[in-house]
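Enquirer: Below is a structure I'd like to ask you about.
Numbering (the working numbering), first residue to last: 2 to 223.
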């Protein structure tokens, strides 16, 4: 089973538990917030994005697994959303689900899957890419610009993750290459992820002099 699928199923189970508890204790805003984060941030922003190379690749078994997992996640999500969006989810259920009957008659979901290792690995990937994107944005790096990523102090676990997810990191974080080092390069934006520090050399990406002037002006205003 693909790690990314085990991750989303783990996050789905966590969301089911959170939403169920919130509904049972009449904290409907918390239930809606948990659903929003899961659907928008995890499924749309990351899960479907990470599946794109699989759907455009040549591994038919992986494609079938991903399609089945997406279908299952959507069906379970419709059930969770149904109390808040009854008409829309009922319509989606009729169009996309292969189950018989109405959504309102379906059993409420129950947490059924947990893979802490898979969840930790993909959440690490999400944190890394998010951190790099934030650093690029803060330093006004042009969206199209690419640079090597230098990772300092990476453990064996992190090194394995970097290797397994190299293509995704390069694509999603606009990274040219990934290198390991014992020291951080000069003039680099740094992002701490776990025990490691991800460094993005800025010399070839931005005008360091202009950026220094901008920061000094901001400091002066403060």
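Idealized CB from N, CA, C, for every residue including glycine.
1. DSSP on residue 98, reduced to helix/strand/coil?
2. Compute the Euclidean distance between the alpha carbons of residue 47 and residue 135, then round it to the nearest angstrom.
3. Measuring straight from C-alpha to C-alpha, what distance separates residue 109 and residue 209?
4. Just tell me which of 72, 113, 111 has its CA closest to the CA of residue 93.
5. Nearest-angstrom Cα distance between residue 29 and residue 86?
6. Run through DSSP, which three-state label would residue 196 get?
7. Say whether the region 12-29 touches the region 110-122, bearing in mind that this needs 3 or more beta-carbon pairs closer than 8 Å, one atom from each stretch.
8. With a threshold of 8 Å, are at least 3 pairs of Cβ atoms found where one atom belongs to the region 144-157 and the other to the region 192-202?
9. For residue 122, does the count of other Cβ atoms within 10 angstroms reach 16, so buried, or fall short, so exposed?
10. Report yes if the CB atom of residue 126 is closer than 9 Å to the CB atom of residue 74, and no otherwise.
11. CB-CB under 6 Å to residue 146, same chain, minus the five flanking residues each way: which ones, in chain order?
12. Cα separation between residue 70 and residue 216?
13. For a quick check, are the C-beta atoms of residue 81 and residue 91 less than 9 Å apart?
14. How many Å lie between residue 2 and residue 14 at the Cα?
15. Would you kindly check if the distance between the Cβ of residue 150 and the Cβ of residue 200 is under 9 Å?
16. In terms of residue numbering, what span does the alpha helix (DSSP H) encompassing residue 54 cover?
17. Between residue 49 and residue 131, what straight-line distance do the alpha-carbon atoms span, to the nearest angstrom?
18. When the Cα atoms are used, what is the spatial distance from residue 191 to residue 102?
19. Going by C-alpha to C-alpha distance, which of 214, 178, 32 sits closest to residue 202?
20. Indicate the three-state DSSP secondary structure (helix, strand or coil) for residue 142 in the structure shown.
21. Just checking my contact of residue 140 with residue 212 at CB under 8 Å: how many whole Å lie between their CB atoms?
22. For residue 1, I'd like the list of residues in its chain whose CB is within less than 8 Å of its CB, leaving aside the five on either flank, ordered along the chain.
23. Return the CA-CA distance between residue 159 and residue 12, expressed in angstroms with no decimal places.
Expert: In terms of the structure at hand:
1. Residue mapping note: residue 98 aligns to position 97 of the chain shown, counting from 1. Coil.
2. Counting from 1 along the chain shown, the entry for residue 47 is found at position 46. Counting from 1 along the chain shown, the entry for residue 135 is found at position 134. Whole-angstrom Cα-Cα distance: 16 Å.
3. Stepping through the chain shown from its first residue, residue 109 is reached at position 108. Stepping through the chain shown from its first residue, residue 209 is reached at position 208. Computed Cα separation, rounded: 55 Å.
4. Within the chain shown, numbered from 1, the residue matching residue 93 stands at position 92. Measuring from the Cα of residue 93, the nearest candidate turns out to be 72.
5. Translated into the one-based positions of the chain shown, residue 29 becomes position 28. Translated into the one-based positions of the chain shown, residue 86 becomes position 85. Approximately 13 Å, taken between the alpha carbons.
6. On the chain shown, position 195 is the one that residue 196 refers to. Correct three-state label for residue 196: coil.
7. yes
8. yes
9. Position 121 of the chain shown, counting from 1, holds the residue named residue 122. Buried, since its Cβ has 16 or more Cβ neighbours within 10 Å.
10. Translated into positions along the chain shown, residue 126 becomes position 125. Translated into positions along the chain shown, residue 74 becomes position 73. Their beta carbons are not under 9 Å apart, which means residue 126 does not touch residue 74 by this criterion.
11. Counting from 1 along the chain shown, the entry for residue 146 is found at position 145. Hits under 6 Å: 206.
12. Position 69 of the chain shown, counted from the first residue, corresponds to residue 70. Position 215 of the chain shown, counted from the first residue, corresponds to residue 216. Cα-Cα distance, rounded: 47 Å.
13. Within the chain shown, numbered from 1, the residue matching residue 81 stands at position 80. Within the chain shown, numbered from 1, the residue matching residue 91 stands at position 90. It is not a contact, given that the beta carbons lie outside the stated cut-off.
14. Position 1 of the chain shown, counted from the start, is the residue given in the question as residue 2. Position 13 of the chain shown, counted from the start, is the residue given in the question as residue 14. One C-alpha to the other measures close to 17 Å.
15. Within the chain shown, the letter at position 199 stands for residue 200. Within the chain shown, the letter at position 149 stands for residue 150. Cβ atoms of residue 200 and residue 150: closer than 9 Å.
16. Counted from its first residue, the chain shown places residue 54 at position 53. Segment 49-56, the alpha helix (DSSP H) holding residue 54.
17. Locating residue 49 in the chain shown gives position 48, where the first residue counts as 1. Locating residue 131 in the chain shown gives position 130, where the first residue counts as 1. Spanning the two alpha carbons is a distance of roughly 16 Å.
18. Mapped onto the chain shown, residue 191 falls at position 190. Mapped onto the chain shown, residue 102 falls at position 101. So the two alpha carbons sit approximately 53 Å from each other.
19. On the chain shown, position 201 is the one that residue 202 refers to. Measuring from the Cα of residue 202, the nearest candidate turns out to be 178.
20. By one-based count along the chain shown, residue 142 stands at place 141. Residue 142: coil per DSSP, three-state reduction.
21. Translated into the one-based positions of the chain shown, residue 140 becomes position 139. Translated into the one-based positions of the chain shown, residue 212 becomes position 211. 6 Å between Cβ atoms; contact.
22. Residue 1 cannot be examined here, being either before or after the span of the chain that is shown, 2 to 223.
23. Stepping through the chain shown from its first residue, residue 159 is reached at position 158. Stepping through the chain shown from its first residue, residue 12 is reached at position 11. Rounded to whole angstroms, residue 159 to residue 12 spans 21 Å at the Cα level.
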